[in-house]
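Numbering (the working numbering), first residue to last: 2 to 317.
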């Protein structure tokens with residue numbers, strides 16, 4: 002069941018998270034270590050934190066930060082495995098983001114995003130391996146603490162559109178459906194682009210978590226007229242993957258049932274993650290009986306909101 006909060010609770014949630022971040026920056030010994038290491042090299046910690054706005058999922062986007070942080074670690078004699086500097090940068094950027102005006106977010110997304118951000122100051126949750134500047138988790142958090150990635154529970158999401166390069170890869174049989182979907186989408190986007198929450202509990206890729214996350218995204222969509230719906234592209238969304246792992250079709254089921262469009266856009270690279278949790282898929286691939294492909298999902302705004310309003314009535 003989707004649980005929403007009132008606007009008063011939502012305000013309290015963000016204010017409480019901000020207070021925790023500020024307290025950690027002011028009082029934590031770990032925070033002091035990270036900031037001092039940057040200053041030792043002549044860097045202004047707050048200025049370095051501003052560079053997080055340019056970090057994306059691409060490893061190359063952190064090239065400058067990797068050099069800067071590794072230099073500061075050597076100067077401060079911190080071990081290579083320490084993420085004290087990275088943690089300070091993320092918490093500082095998050096505090097700055099929560100202190101300034103923000104784009105409209107639904108209550109559920111705001112609460113979930115604040116909860117994810119608050120985990121940065123939880124010593125029982127944070128590990129250095131999680132936050133090292135060279136890792137994908139650091140890049141994901143960098144987007145979240147700068148207001149470019151949000152949590153809807155099972156899914157995180159950011160803003161993206163349909164890439165023109167994908168259109169040429171759609172199988173001919175699906176082109177008519179693609180045209181209808183793009184017409185309803187009113188172009189190529191922008192839309193909400195979902196990712197699996199890397200911190201989700203194991204074994205939770207199922208209902209009701211899937212629909213609850215989609216509903217949380219739709220709650221925000223209602224207040225964002227600039228967003229035209231949901232657009233997703235990954236091996237997890239591919240009907241070809243679902244043919245050998247039928248349980249994964251659940252990620253698309255609510256979308257397809259509510260007017261969404263699903264197709265494939267060519268082969269997925271073997272290192273995309275499709276084999277990480279499935280020896281069966283890896284075995285079928287080695288035997289030449291399975292080729293992973295990338296699935297493309299388009300769920301136009303009107304269809305997504307119509308489903309959400311019905312979903313809210315059902316679970317109320």
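Each residue gets a CB set at the ideal place from its N, CA and C atoms; glycine is no exception.
Owing to the predicted nature of the structure, the values given are computational and were not obtained by experimental measurement.
Measure the alpha-carbon distance for residue 108 versus residue 228 and round it to whole angstroms.
17 Å
Residue 161 by DSSP, collapsed to three states: which one?
In the structure shown, residue 161 sits in a strand (DSSP, three-state: E or B).
Please report the Cβ distance between residue 105 and residue 225, rounded to the nearest whole angstrom; I am assuming they are in contact, meaning their Cβ atoms lie under 8 Å.
6 Å
Which of the three DSSP states, helix, strand or coil, is assigned to residue 114?
helix
How big is the Cα-Cα spacing for residue 223 and residue 306?
7 Å
Buried or exposed: which applies to residue 117, given that a residue is buried once 16 or more other Cβ atoms fall within 10 Å of its Cβ?
buried
Fully enclosed by the stretch 192 to 233, which alpha helix (DSSP H) runs are 4 residues long or longer?
Every alpha helix (DSSP H) stretch that sits fully inside the stretch 192 to 233 and reaches 4 residues is listed by chain position as 210 to 223.
Grab me the residues of residue 36's own chain with a C-beta within less than 7 Å of its C-beta, minus the 5 sequence neighbours each way, in chain order.
46, 89
Leaving out five residues before and five after residue 312 in sequence, what residues of the same chain have Cβ atoms less than 6 Å from its Cβ?
216
Would you report the Cα separation of residue 152 and residue 175, rounded to the nearest angstrom?
Cα to Cα, the separation comes out at about 31 Å.
Classify residue 163: buried if its beta carbon has 16 or more other beta carbons within 10 angstroms, exposed otherwise.
Counting C-beta atoms within 10 angstroms of its own C-beta, residue 163 has 16 or more neighbours from the protein chains shown and is therefore classed as buried.
At which residues does the beta strand (DSSP E) containing residue 268 begin and terminate?
If you look at residue 268, you'll find it in the beta strand (DSSP E) that goes 262 to 268.
What residues in its chain sit with their C-beta under 7 Å from that of residue 10, if we drop five residues either side in the sequence?
Unreliable placement is indicated for residue 10, whose pLDDT of 45 sits below 50; the coordinate value is still reported in the next sentence. Excluding its 5 nearest sequence neighbours in each direction, residue 10 has no C-beta neighbour in its own chain below 7 Å.
Taking a contact to mean a Cβ-Cβ separation below 8 Å, would you say residue 92 touches residue 32 in this structure?
yes
Just tell me which of 114, 71, 186, 190 has its CA closest to the CA of residue 157.
114
Under three-state DSSP, which class holds residue 27?
Shown here, residue 27 sits in a helix according to DSSP, grouped into three states.
Nearest-angstrom Cβ-Cβ length linking residue 269 and residue 275, presumed shorter than 8 Å:
Right, the Cβ-Cβ distance comes to about 6 Å (below 8 Å), so this counts as a contact.
Per DSSP, which one or two residues make a beta bridge with residue 301?
230
Inter-stretch contact (C-beta, 8 Å, three-pair minimum) for the stretch 59 to 66 and the stretch 127 to 146
When C-beta atoms of the stretch 59 to 66 are compared with those of the stretch 127 to 146, three or more pairs fall below 8 Å, so the two segments count as touching.
Tell me whether the stretch 230 to 245 and the stretch 293 to 302 touch, counting them as touching only if at least three CB pairs, one residue from each stretch, are closer than 8 Å.
yes
With DSSP as the reference, please indicate the residues paired to residue 35 in a beta bridge.
The partner list for residue 35 (beta bridge, DSSP) is empty, contrary to what the question assumes.
Measuring straight from C-alpha to C-alpha, what distance separates residue 120 and residue 84?
15 Å
Between which two residues does the alpha helix (DSSP H) containing residue 153 stretch?
Looking at the DSSP string, residue 153 is not in any alpha helix (DSSP H), and its letter there is neither H nor E.
Sequence-distant residues of the same chain with beta carbon closer than 6 Å to residue 262, five excluded per side:
Residues of the same chain with a CB within less than 6 Å of the CB of residue 262, apart from the 5 flanking positions on each side, are 178, 182, 299 in chain order.
Since residue 214 and residue 154 are thought to touch, with beta carbons under 8 Å apart, how far apart are those beta carbons, to the nearest angstrom?
About 4 Å; that satisfies the 8 Å criterion.
Enumerate in chain order the residues of its own chain whose CB-to-CB distance from residue 23 is below 8 Å, with the five nearest sequence positions on each side excluded.
96
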